[in-house]
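Engineer: Provided herewith is a single structure, encoded as structure tokens, for subsequent inquiry.
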């Protein structure tokens with residue numbers, strides 16, 4: 019967040035030049051309390067500790083994974099649901115740090131599993147930022163909602179963007195809509211392709227994601243071509259991506275390939291009609307809808323045929 023970074027720079031500059039960063043009344047940095055990163059910075063300065071009192075020792079122990087300190091604070095009566103000015107709880111921080119042991123202790127003592135910050139972040143979203151499968155399993159066991167409270171913070175989009183394949187796989191297996199299309203982001207598959215996360219894109223496609231559903235008229239193949247991602251282009255075409263589809267600028271994916279990129283040659287090789295075998299595979303996979311991988315694996319078919327259907 020550029021606003022947060024700007025505030026951090028201002029605070030750091032004041033500290034370096036020996037200028038007071040705040041007074042007992044919280045001036046002139048009163049507005050900074052709404053940002054937990056800035057609060058963390060200020061909490062290290064003696065003159066500002068009262069000002070950032072909402073950033074508690076419990077938050078500090080949670081974000082850094084200090085399990086013994088966390089347990090001691092809870093034993094001393096600290097409220098596990100204490101939130102900062104921007105509604106960040108210790109559980110949010112434990113999940114952001116990927117500290118499953120701390121998250122477990124907080125949940126056992128009544129931490130709210132679906133708490134929402136002012137930025138619409140839930141503990142589940144923060145877990146997809148850190149990529150901790152242990153935290154993700156723990157939250158789901160305690161009833162974490164798979165439905166994001168706002169499209170500004172979608173867990174599966176975040177996991178796909180950051181390349182956390184196991185998180186994507188677990189969310190997909192629990193029934194998250196893997197084709198959830200958010201206006202400013204697109205689908206999880208589009209986000210994975212945009213950030214060149216090949217393994218996440220593969221996992222989404224194996225789970226039944228629509229290879230042609232992207233961001234507006236821009237398909238996953240458009241962004242893969244734009245990024246000169248040879249492996250992604252191969253993968254998408256194998257899973258039925260349309261090489262002839264046009265985006266809002268009336269351009270096909272091949273027209274977005276940077277000069278000298280080998281993807282251009284790949285498109286020339288794949289622009290013809292699909293083989294009968296490929297068409298049959300696509301048709302069969304579409305019949306299974308979501309969770310295709312698990313359903314095909316359970317079929318009473320020869321292994322060779324299963325491997326073909328599974329793109330192995």
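In this note's numbering, the protein residues as written are 19 to 330. We treat Cβ as the ideally placed atom computed from N, Cα and C, and that holds for glycine.
(1) Identify which residue in 224, 200 and 158 has its Cα closest to the Cα of residue 183.
(2) Going by C-alpha to C-alpha distance, which of 144, 102, 200 and 266 sits closest to residue 121?
(3) Figure out for me which residue from 72, 105 and 147 has the closest Cα to the Cα of residue 136.
(4) Would residue 131 pass as a contact of residue 125 if the rule is Cβ separation under 9 Å?
(5) Drop a sphere of 10 angstroms on the beta-carbon of residue 142, count the other beta-carbons inside from all chains shown, and report buried for 16 or more, exposed for fewer.
(6) Whole-angstrom Cβ separation of residue 153 and residue 173, contact assumed at under 8 Å?
(7) Any beta-carbon of chain D closer than 9 Å to the one on residue 292?
(8) Please report the distance separating the alpha-carbon of residue 169 from that of residue 200.
(9) Spell out a yes or no on whether the region 205-225 and the region 158-166 are touching, meaning 3 or more CB-CB pairs, one atom from each, closer than 8 Å.
(10) Taking the straight line between their C-alpha atoms, what separation do you get for residue 255 and residue 322?
(11) Please report how far the alpha carbon of residue 257 lies from the alpha carbon of residue 328, in whole angstroms.
(12) I'd like the span of the alpha helix (DSSP H) that includes residue 289, first residue to last.
(13) Pick out the complete alpha helix (DSSP H) segments inside the region 94-129, 4 residues or longer, and give them in chain order.
(14) Which residues bound the alpha helix (DSSP H) around residue 197?
(15) Where in the region 133-169 do unbroken runs of the alpha helix (DSSP H), each at least 4 residues long, occur, reported from the N-terminal end onward?
(16) For residue 83, name the three-state secondary structure that DSSP assigns.
(17) Got a sec, what are the start and stop residues for the alpha helix (DSSP H) residue 249 sits in?
(18) Which residues does DSSP list as the beta-bridge partners of residue 236?
(19) Can you have a look at residue 262 and say buried or exposed, based on whether 16 or more other CB atoms are within 10 angstroms of its CB?
(20) Grab me the residues of residue 272's own chain with a C-beta within less than 6 Å of its C-beta, minus the 5 sequence neighbours each way, in chain order.
(21) Round the Cβ separation of residue 241 and residue 232 to the nearest angstrom and send it over; I've been treating them as touching at under 8 Å.
(22) Assuming contact is defined by CB atoms lying nearer than 9 Å, are residue 216 and residue 250 in contact in what I supplied?
(23) Span of the alpha helix (DSSP H) holding residue 303?
(24) On the CB-based measure, 16 or more other CB atoms within 10 Å of its CB, does residue 325 come out buried or exposed?
(25) Taking just the CA atoms, how far does residue 117 sit from residue 82?
(26) Skipping 5 residues on each side, what residues in its chain have a beta carbon closer than 7 Å to that of residue 243?
(27) Per DSSP, which residues does residue 204 bridge with? Please list them.
(28) Less than 6 Å between C-beta atoms, sequence neighbours within five positions excluded: which residues of the same chain meet that for residue 65?
(29) Which residue marks the beginning of the alpha helix (DSSP H) containing residue 184, and which one marks its end?
(30) Can you give the beta carbon distance from residue 103 to residue 91, rounded, assuming they're within the 8 Å contact cut?
(31) Would you report the Cα separation of residue 302 and residue 193, rounded to the nearest angstrom?
(32) Between residue 230 and residue 260, how many whole angstroms is the CB-CB distance? I'm expecting something under 8 Å.
Structural biologist: Looking at the atomic coordinates:
(1) Mapped onto the chain shown, residue 183 falls at position 165. Cα-wise, what sits closest to residue 183 is 224.
(2) For the purposes of this step, residue 121 is identified with residue 103 of the chain shown, where counting begins at 1. Comparing Cα-Cα distances from residue 121 to each of 144, 102, 200 and 266, the minimum goes to 144.
(3) Here the question's residue 136 lines up with position 118 in the chain shown. Checking every option, the nearest Cα to that of residue 136 belongs to 105.
(4) Position 113 of the chain shown holds residue 131. Position 107 of the chain shown holds residue 125. Going by C-beta atoms, residue 131 is nearer than 9 Å to residue 125.
(5) Mapped onto the chain shown, residue 142 falls at position 124. Counting Cβ neighbours within 10 Å, residue 142 comes out buried, since at least 16 surround it.
(6) Walking along the chain shown from the start, residue 153 turns up at place 135. Walking along the chain shown from the start, residue 173 turns up at place 155. Their Cβ separation, rounded to whole angstroms, is 12 Å, which puts residue 153 and residue 173 out of contact at 8 Å.
(7) Absent here is chain D; the protein component of the structure consists of one chain.
(8) Against the chain shown, residue 169 aligns to sequence position 151. Against the chain shown, residue 200 aligns to sequence position 182. Each residue's Cα considered, the two are about 6 Å apart.
(9) no
(10) On the chain shown, residue 255 is found 237 positions in, with the first residue counted as 1. On the chain shown, residue 322 is found 304 positions in, with the first residue counted as 1. Their Cα atoms are separated by approximately 21 Å.
(11) Against the chain shown, residue 257 aligns to sequence position 239. Against the chain shown, residue 328 aligns to sequence position 310. Distance between the alpha carbons of residue 257 and residue 328 is about 10 Å.
(12) In the chain shown, counting from the first residue as 1, residue 289 sits at position 271. Run containing residue 289: none; DSSP gives neither H nor E here.
(13) 108-114 and 118-126
(14) As a working note, residue 197 is residue 179 in the chain shown. Unbroken run through residue 197: none, as it is neither H nor E.
(15) 141-148 and 151-159
(16) Here residue 83 is taken as the residue at index 65 of the chain shown, counted from 1. Three-state result, residue 83: coil.
(17) The residue labelled residue 249 in the question sits at position 231 within the chain shown. Counting along the chain, the unbroken alpha helix (DSSP H) around residue 249 starts and ends at 248-256.
(18) Reading the chain shown from its first residue, position 218 is the one you call residue 236. 233.
(19) The residue you call residue 262 lines up with position 244 of the chain shown. When all chains shown are included, residue 262 counts as exposed.
(20) As a working mapping, residue 272 is identified with position 254 in the chain shown. Excluding sequence neighbours, residue 272 sits near 285.
(21) What you label residue 241 is simply residue 223 of the chain shown in a count that begins at 1. What you label residue 232 is simply residue 214 of the chain shown in a count that begins at 1. Sure, about 7 Å apart at Cβ, within 8 Å.
(22) Along the chain shown, one-based indexing puts residue 216 at 198. Along the chain shown, one-based indexing puts residue 250 at 232. A contact, by the Cβ cut-off of 9 Å.
(23) Walking along the chain shown from the start, residue 303 turns up at place 285. For residue 303, the enclosing alpha helix (DSSP H) has its first and last residue at 294-306.
(24) Here the question's residue 325 lines up with position 307 in the chain shown. Exposed, since its Cβ has fewer than 16 Cβ neighbours within 10 Å.
(25) If you number the chain shown from 1, residue 82 lands on position 64. If you number the chain shown from 1, residue 117 lands on position 99. Cα-Cα distance, rounded: 8 Å.
(26) Taking the chain shown and counting its residues from 1, the one referred to as residue 243 is at position 225. Result list for residue 243: 251, 271, 272, 274, 275 and 281, in chain order.
(27) By 1-based counting over the chain shown, the position of residue 204 is 186. Answer is 200.
(28) Taking the first residue of the chain shown as position 1, residue 65 is located at position 47. With a pLDDT of 46 at residue 65, under the threshold of 50, the modelled position of that residue is not reliable, and the figure given next carries that caveat. Short of 6 Å from the beta carbon of residue 65, and not among the five residues preceding or following it, lies no beta carbon of its own chain.
(29) By 1-based counting over the chain shown, the position of residue 184 is 166. Segment 183-191, the alpha helix (DSSP H) holding residue 184.
(30) Residue mapping note: residue 103 aligns to position 85 of the chain shown, counting from 1. Residue mapping note: residue 91 aligns to position 73 of the chain shown, counting from 1. Going by Cβ atoms, the distance from residue 103 to residue 91 rounds to 20 Å, so no, they are not a contact pair.
(31) Mapped onto the chain shown, residue 302 falls at position 284. Mapped onto the chain shown, residue 193 falls at position 175. When rounded, the distance between both Cα atoms is 21 Å.
(32) If you number the chain shown from 1, residue 230 lands on position 212. If you number the chain shown from 1, residue 260 lands on position 242. Right, their Cβ atoms sit about 5 Å apart.
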